[in-house]
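Per my numbering, the sequence shown runs over residues 9 to 166. Beta carbons are placed, not taken as given, at the ideal position from N, Cα and C, and that holds for glycine. Have a look at the structure below, then the notes.
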Amino acid sequence: MFENIRADTKRVLRNENAKLINVLTSLYLSYGLHAIVIYRFGRWLGRIGKHRFGWIIAAPLYPVYWILSACIRLIYGINLEQSADIAAGFYINHFGGIEVKNCCIGSRCNIQQQVKLGSTETTDKGLVIGKGVYIGAHTQICTDVTVGDGVTIGAGAI
Numbered sequence: 009m010f011e012n013i014r015a016d017t018k019r020v021l022r023n024e025n026a027k028l029i030n031v032l033t034s035l036y037l038s039y040g041l042h043a044i045v046i047y048r049f050g051r052w053l054g055r056i057g058k059h060r061f062g063w064i065i066a067a068p069l070y071p072v073y074w075i076l077s078a079c080i081r082l083i084y085g086i087n088l089e090q091s092a093d094i095a096a097g098f099y100i101n102h103f104g105g106i107e108v109k110n111c112c113i114g115s116r117c118n119i120q121q122q123v124k125l126g127s128t129e130t131t132d133k134g135l136v137i138g139k140g141v142y143i144g145a146h147t148q149i150c151t152d153v154t155v156g157d158g159v160t161i162g163a164g165a166i
């Protein structure tokens, strides 16, 4: 979990030599990073809850996750469901109207506002997005397709 959050944070900061105040301001104002951290926290809870005694840790933390996840959905309009498998270095540039579910997203992917990824139906294959993919604003990918590495999907694509 922490390695992925570190990679996500590096994508937001872009400049590793920035002053501390600039780093803190960037982290405070990065709505996408807030959503990604809560998503990673939920995935971590799901993983440790499957271990023999992991439920002892996960059970009291799930209400915290549900409240934080609901706040992210209501305030920022970002819904990253646990059915999505998102690799490290994920970057959300703008908030609002983002829904990601039932898909597999490679490392270092970018998405913009009003993006819907994944179908409501769970299938064996699902949507697969490669590494380093840029997904423009108002894009909808709701079928089980595979998007290759380094692809740019233009704004408004369906």
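Per DSSP, the bridge partner or partners of residue 88
Within the sequence shown, numbered from 1, the residue matching residue 88 stands at position 80. 108, per the DSSP bridge assignment.
Nearest-angstrom Cα separation, counted from residue 52 out to residue 134
Your numbering for residue 134 matches position 126 in the sequence shown. Your numbering for residue 52 matches position 44 in the sequence shown. Spanning the two alpha carbons is a distance of roughly 22 Å.
CB-CB under 8 Å to residue 73, same chain, minus the five flanking residues each way: which ones, in chain order?
For the purposes of this step, residue 73 is identified with residue 65 of the sequence shown, where counting begins at 1. These residues qualify, in order along the chain: 46, 49, 50, 53.
Paired residues, beta bridge with residue 135 - DSSP:
Along the sequence shown, read from residue 1 onward, the residue named residue 135 stands at position 127. The partner list for residue 135 (beta bridge, DSSP) reads 111.
Go ahead and pull the three-state DSSP assignment for residue 18.
As a working mapping, residue 18 is identified with position 10 in the sequence shown. Here residue 18 sits in helix by DSSP.
Hey, residue 108 and residue 125: beta-carbon distance below 8 Å or not?
On the sequence shown, residue 108 is found 100 positions in, with the first residue counted as 1. On the sequence shown, residue 125 is found 117 positions in, with the first residue counted as 1. Yes, the pair counts as a contact, with Cβ atoms nearer than the cut-off.
Is it right to say residue 32 is buried, meaning 16 or more other beta carbons lie within 10 angstroms of its own, or is it exposed?
Counting from 1 along the sequence shown, the entry for residue 32 is found at position 24. Per the 10 Å Cβ criterion, exposed.
What beta strand (DSSP E) runs, 3 residues minimum, are completely inside the segment 134–165?
Taking only runs of at least 3 residues, the beta strand (DSSP E) segments lying wholly in the segment 134–165 are 135–137.
C-alpha distance - residue 121 paired with residue 63, whole-angstrom precision
As a first step, residue 121 is located in the sequence shown; it is residue number 113 there, counting from the start. As a first step, residue 63 is located in the sequence shown; it is residue number 55 there, counting from the start. If you take the alpha carbons of residue 121 and residue 63, they lie about 35 Å apart.
Taking only runs that begin and end inside the segment 38–77, name each unbroken alpha helix (DSSP H) of 4 or more residues, in chain order.
Counting whole runs of 4 or more residues, the segment 38–77 contains the alpha helix (DSSP H) stretches 39–57.
Nearest-angstrom Cα separation, counted from residue 142 out to residue 119:
Position 111 of the sequence shown, counted from the start, is the residue given in the question as residue 119. Position 134 of the sequence shown, counted from the start, is the residue given in the question as residue 142. Between residue 119 and residue 142, the C-alpha separation is close to 6 Å.
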